[in-house]
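Chains as they are written, first to last, in the numbering used here: chain A, 1 to 236; chain B, 1 to 236.
Here's the structure we're looking at; comments come further down.
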DNA sequence: ATACTAAGTGTAAAAGTAACACTAATATTT
DNA sequence: AAATATTAGTGTTACTTTTACACTTAGTAT
């Protein structure tokens, strides 16, 4: 068991690990993207194949390997399951109820990630049927394990800390202020004042103006902005 | 290994656990108290007996048992090591570097607690030599494992969230506003304006006025206050 | 009685937040 | 070419919150 093939699925791994499986640690990632056309957030979700949760949506998770740093495990999992590398990933909370996992004691460290929909073609050669599911749908249906709780906790954390969390990573490299505002509105679930919003993002230096403007839009073209790298984020 | 005697020390446990010890989970608690006379924070610290950290101060930690909820483990550890029950304990972060523990892979979930010095008589019949150590001293000396990092992270979290974290638990049941202010000043490491501080704690309803006043002080006796139970805290 | 000590109290300036409506620039339609 | 439709972009005022600041009060000790 020193060198688990990380492409096996969770079930297989757990079966193999019987000898040491008293306590195991997993990472579950709440992977957000923003669907600009629908002005809605979506979560990367897998179809659970484990009883009693078979068929229910689950977060993207996997066991942490013996020689793997926690943050590295989160990066690996996002890479393997969503084909995304070097993404922003932030730990939120660790969930350790005794009965949260049917196979045994699995303590799960939750992370969240912000990626762009286009960077993850869901369903692509992945046995778990990954797909982007509307956040609102997920919040209104049961999920596998305690993943509903993890999702709600993460969402709550992000809402509270929205100004210190790089939600802009869900946007294309060049974006308009209106797009940014819509994203914030989708997360906070409330409308924001356009002028006040702009004043704030300028003052906080969340973004930088670029020389580019929108092309081929049937209205006044918007200025394009990009992330201000070097901005502080909520890492302590 | 199903029923570890939780009074054994970490070393012993780890030795016993060889069979399953690929990954283990511990809880480390940053237990704060406030020394009113010194106007200083102190941390409950044990003397590490494990190489290569022998003799260095460590936080109060222990392995999580197989059938033990994470939060329950934290409560147990504080109860066993500090003889305090039903204390406020809040998870902050999980530390999972590969080499953070010399004996093997131990992932540690950090909690912090606020207790009253008087409620924990350090050194009392405890083989680990627990003692209250000045926070400032601890910050300026090496600690066992990654406990310096855990301490700094927790402190930083508490400073950021001071208004949503019940630091008042470090005070006696009845306390004066000046005592409360000194506590805040010790945590934030800066002086606060007396009138502004009072306005704020009243508006936030952190505390409640009581009918009592100070007795036998060589100056105008202060009004005594107590905690406002039912106040929201930073739990999501 | 006087001195000493920490408690207790209000106001004004500054900064930040919230509310609000019109003009500008482009593509499309006529 | 002119009119229309659509989203971008922009400032000011009222309100709230935060900050800065100094004197009087109620007890104990001498």
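Idealized CB from N, CA, C, for every residue including glycine.
Task: Residue-level contact to chain A via CB, residue 89 of chain B, 8 Å cutoff - done: no
Task: Boundaries of the beta strand (DSSP E) in which residue 105 of chain B is found, first to last residue - done: 105–114 is the extent of the beta strand (DSSP E) around residue 105 of chain B.
- [ ] Check residue 206 of chain A in the structure and name its three-state DSSP category.
- [x] coil
TODO: Return helix, strand or coil for residue 167 of chain B, following the three-state DSSP convention.
DONE: helix
Task: Alpha carbon of residue 32 of chain B to alpha carbon of residue 191 of chain A, nearest angstrom - done: About 41 Å.
Task: Neighbour-count burial assignment, residue 93 of chain B, 16 or more Cβ in a 10 Å radius - done: buried
TODO: Out of A:137, A:158, A:156, state which residue places its alpha-carbon closest to the alpha-carbon of residue 44 of chain A.
DONE: A:137
Open item on the list: Considering only the alpha carbon of each residue, which of B:83, B:148, B:29 lies closest to residue 62 of chain B?
Closed with: Ranking the options by Cα distance to residue 62 of chain B, first place goes to B:29.
Task: Check whether residue 210 of chain B and residue 222 of chain B have beta carbons under 8 Å apart - done: no
Task: Neighbour-count burial assignment, residue 220 of chain B, 16 or more Cβ in a 10 Å radius - done: Result: exposed.
Task: Three-state secondary structure assigned by DSSP to residue 154 of chain A - done: helix
Open item on the list: Between residue 251 of chain B and chain A, is the shortest Cβ-Cβ distance under 8 Å, so that the two count as touching?
Closed with: No information on residue 251 of chain B is available, as it lies outside the stretch 1 to 236 that chain B covers here.
Open item on the list: the ligand SAH and residue 63 of chain B: does the residue's C-beta get closer than 7 Å to at least one heavy atom of that ligand?
Closed with: With respect to the ligand SAH, the structure shown offers nothing to examine, as it has no ligands at all.
Task: Pick from A:130, A:108, A:106, A:111 that is closest to residue 117 of chain A, judged by C-alpha positions - done: A:130
Open item on the list: Tell me the rounded alpha-carbon separation between residue 185 of chain A and residue 167 of chain A.
Closed with: 12 Å
- [ ] Check the DSSP bridge columns for residue 32 of chain A and list the partner residues they point to.
- [x] A:43, A:114
Open item on the list: Below 7 Å on C-beta distance, what does residue 188 of chain B contact in chain A?
Closed with: Going along chain A, no residue has its Cβ under 7 Å from residue 188 of chain B, so there is no contact; the nearest lies around 15 Å.
- [ ] Write down the C-beta distance between residue 23 of chain B and residue 66 of chain A rounded to the nearest angstrom, noting that I regard them as a contact closer than 8 Å.
- [x] 6 Å
Open item on the list: For residue 121 of chain A and residue 82 of chain A, what's the separation of their Cα atoms in angstroms?
Closed with: 8 Å
- [ ] Could you tell me the distance, in whole angstroms, from the CA atom of residue 101 of chain A to the CA atom of residue 108 of chain A?
- [x] 10 Å
Task: Contact list for the stretch 127–157 of chain A against chain B, Cβ threshold 7 Å - done: So the list reads 153, 156, 157, given in the order they occur along the chain.
- [ ] Let me know the secondary structure DSSP gives residue 134 of chain A once reduced to three states.
- [x] strand
TODO: Could you tell me if residue 178 of chain B is buried or exposed, where buried requires 16 or more neighbouring beta carbons within 10 angstroms of its beta carbon?
DONE: exposed
Task: Interface positions of the stretch 90–101 of chain B facing chain A (Cβ-Cβ less than 7 Å), listed along the chain - done: Taking a C-beta cut-off of 7 Å against chain A, the contacting residues of the stretch 90–101 of chain B are 91, 93, 94, 96, 97, 98, listed in chain order.
- [ ] Please classify residue 51 of chain B: is it buried, with 16 or more other beta-carbons within 10 angstroms of its beta-carbon, or exposed?
- [x] exposed
Open item on the list: With H, G and I counted as helix, E and B as strand and the rest as coil, what does DSSP make of residue 95 of chain B?
Closed with: strand
Task: chain B contact residues for residue 105 of chain A, given Cβ-Cβ distances below 8 Å - done: Contact note: residue 105 of chain A reaches chain B through 66, 67, using a C-beta cutoff of 8 Å and chain order.
Task: Segment limits, beta strand (DSSP E) that includes residue 60 of chain A - done: 60–63
Open item on the list: Suppose contacts are defined by Cβ-Cβ distances below 8 Å. Is residue 115 of chain B in contact with residue 169 of chain B by that definition?
Closed with: Cβ atoms of residue 115 of chain B and residue 169 of chain B: closer than 8 Å.
TODO: Put residue 231 of chain A into one of helix, strand or coil per three-state DSSP.
DONE: coil
Task: Proximity below 8 Å, CB of residue 89 of chain A to CB of residue 110 of chain A - done: Not in contact: residue 89 of chain A and residue 110 of chain A (Cβ atoms no closer than 8 Å).
Open item on the list: Determine whether the beta carbon atoms of residue 41 of chain B and residue 48 of chain B lie at a separation below 8 Å.
Closed with: No, Cβ-Cβ distance for residue 41 of chain B and residue 48 of chain B is not below 8 Å.
Open item on the list: Against residue 25 of chain B, what residues of chain A qualify as contacts under a CB-to-CB distance less than 7 Å, listed in chain order?
Closed with: 23, 25, 107
Open item on the list: Please tell me whether residue 70 of chain A has its Cβ less than 8 Å away from any Cβ of chain B.
Closed with: yes
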